[in-house]
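S.K.: Per the working numbering, the very first residue in the sequence shown carries number 13; after that it's consecutive.
No residue lacks a Cβ here, since even glycine has one placed at the ideal position from N, Cα and C.
Would you mind keeping the following structure in view while I ask a few things?
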Amino acid sequence: MRSTHVSQNNSKSSIGQGIIADVVKGALAGLLGTLAMDAVNSLIFRRHGPRTLLREQSARIMRKPATLGGISNRLNGAFGVEMMPKRSAGFATHYTVNVLPAIGYGLLRKRVGFIGKGKGLIYGLAAFALLDEGLAPLLKISSGPRAYPVQTHLRGLASHLVMGLVTDQTLDLLDRGADKIASKGEQVDIAIGQDNRFVETQNLGSPANDEPGIDAMDSLGDDLGDDLGDDQGIDYPGSPTMI
Numbered sequence: 013m014r015s016t017h018v019s020q021n022n023s024k025s026s027i028g029q030g031i032i033a034d035v036v037k038g039a040l041a042g043l044l045g046t047l048a049m050d051a052v053n054s055l056i057f058r059r060h061g062p063r064t065l066l067r068e069q070s071a072r073i074m075r076k077p078a079t080l081g082g083i084s085n086r087l088n089g090a091f092g093v094e095m096m097p098k099r100s101a102g103f104a105t106h107y108t109v110n111v112l113p114a115i116g117y118g119l120l121r122k123r124v125g126f127i128g129k130g131k132g133l134i135y136g137l138a139a140f141a142l143l144d145e146g147l148a149p150l151l152k153i154s155s156g157p158r159a160y161p162v163q164t165h166l167r168g169l170a171s172h173l174v175m176g177l178v179t180d181q182t183l184d185l186l187d188r189g190a191d192k193i194a195s196k197g198e199q200v201d202i203a204i205g206q207d208n209r210f211v212e213t214q215n216l217g218s219p220a221n222d223e224p225g226i227d228a229m230d231s232l233g234d235d236l237g238d239d240l241g242d243d244q245g246i247d248y249p250g251s252p253t254m255i
């Protein structure tokens, strides 16, 4: 009963450790994925023509990027005064919004089969559709989809697909690294167990425990008892032939 209780506790502990590890890996993968997304977004943005840039700029809330302008707009509505947070606040919000879904993706992709399909491309597409095109306008963080030129939407789609791909590939690399470490740990445990069993076997078969000298004396006593018993009809305690 005690062993069953201990095994259940060990199982719960290993599950908890696995979840924590997946959260950490998801956060790291999400950070790298967001960096890749920003790099692609910036690269494509520089290739837009003047008309596209002008229309996108006019569509932005307070003429700022979505996270920074959206935060300012929400603060202004809440406090009734014009407030412009530091640029660092916009970056912090941007990375938080993109890292949190990556943590969820890291937790679910191995536990819910279809979520991990597409090597992260489906995840990137879902993030683009739900966050950029859906949630951001709904929360008044950005203008509606029609306010932006088509090029802006295509740029957002491409950068989010890259984000999903990098996030998924990073998770794969981290999983493989963790599996190798776990495999080496199991090999060490097996080797230690084999060494322990070898030592126990040697101890059980050692002369100190078997005491062959005492066994030889007992056998000699039995033989003498048998001979005397046959000659005199006397049973001796050491003889196995007592009838």
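Determine the DSSP secondary structure at Arg67, reduced to helix, strand or coil.
M.R.: Helix, per DSSP.
S.K.: Taking only runs that begin and end inside the region 26–56, name each unbroken alpha helix (DSSP H) of 4 or more residues, in chain order.
M.R.: With a minimum length of 4 residues, no continuous alpha helix (DSSP H) run stays inside the region 26–56.
S.K.: Whole angstroms are fine: how far does the CA of Val52 sit from the CA of Val162?
M.R.: Approximately 17 Å between the Cα atoms of the pair.
S.K.: Helix, strand or coil for Tyr107, going by three-state DSSP, please let me know.
M.R.: In this structure, Tyr107 counts as helix in the three-state DSSP scheme.
S.K.: Kindly give me the distance between the Cβ atoms of Ala41 and Leu150, rounded to whole angstroms, as I take these residues to be in contact under 8 Å.
M.R.: So it is not a contact: roughly 27 Å between Cβ atoms.
S.K.: Asp180 to Lys131, Cα distance in whole Å?
M.R.: Their backbone Cα atoms lie some 6 Å apart in a straight line.
S.K.: Rounded to the nearest angstrom, what separates Phe140 and Ile204 at their Cα positions?
M.R.: Roughly 51 Å separates the two Cα atoms.
S.K.: By a C-beta neighbour count over all protein chains shown, 10 Å radius and 16 as the cutoff for buried, is Gly61 buried or exposed?
M.R.: Exposed, since its Cβ has fewer than 16 Cβ neighbours within 10 Å.
S.K.: Counting only runs that start and end within the region 134–182, where is the beta strand (DSSP E) found for 3 or more residues in a row?
M.R.: Within the region 134–182, no complete beta strand (DSSP E) run reaches 3 residues.
S.K.: Quick check on DSSP: helix, strand or coil for Gly61?
M.R.: Coil.
S.K.: Are Leu137 and Leu112 touching if we call contact CB-CB under 8 Å?
M.R.: Not closer than 8 Å, so no.
S.K.: Since I believe Ala190 is in contact with Ala33 (beta carbons under 8 Å), could you give me their beta-carbon distance rounded to a whole number of angstroms?
M.R.: Right, their Cβ atoms sit about 7 Å apart.
S.K.: Is DSSP giving Lys122 helix, strand or coil here?
M.R.: Coil.
S.K.: I'd like the list of long-range same chain contacts for Ala170, defined as Cβ closer than 7 Å, with 5 residues on each side in sequence excluded.
M.R.: Excluding positions up to five away in sequence, the list reads Val52 and Ile56.
S.K.: Less than 8 Å between the beta carbons of Gly271 and Gly118, yes or no?
M.R.: Residue 271 lies beyond the range of the chain shown here (13 to 255); nothing can be said about it.
S.K.: Using a Cβ-Cβ distance under 8 Å, would Ala139 count as near chain B?
M.R.: Among the protein chains of the structure shown there is no chain B, as only one such chain exists.
S.K.: Looking at Lys122: is its Cβ nearer than 8 Å to the Cβ of Gly128?
M.R.: Against a cut-off of 8 Å, the Cβ pair of Gly128 and Lys122 comes out as a contact.
S.K.: If you draw a straight line from the alpha carbon of Arg63 to that of Ala159, how long is it in whole angstroms?
M.R.: Approximately 14 Å, taken between the alpha carbons.
S.K.: In angstroms, rounded to a whole number, what distance separates the CA positions of Ile134 and Gly176?
M.R.: Approximately 7 Å between the Cα atoms of the pair.
S.K.: Drop a sphere of 10 angstroms on the beta-carbon of Ala48, count the other beta-carbons inside from all chains shown, and report buried for 16 or more, exposed for fewer.
M.R.: Its Cβ being crowded by 16 or more others within 10 Å, Ala48 is buried.
S.K.: Quick one: grab the DSSP three-state call for Arg72.
M.R.: Coil at Arg72, not helix or strand.
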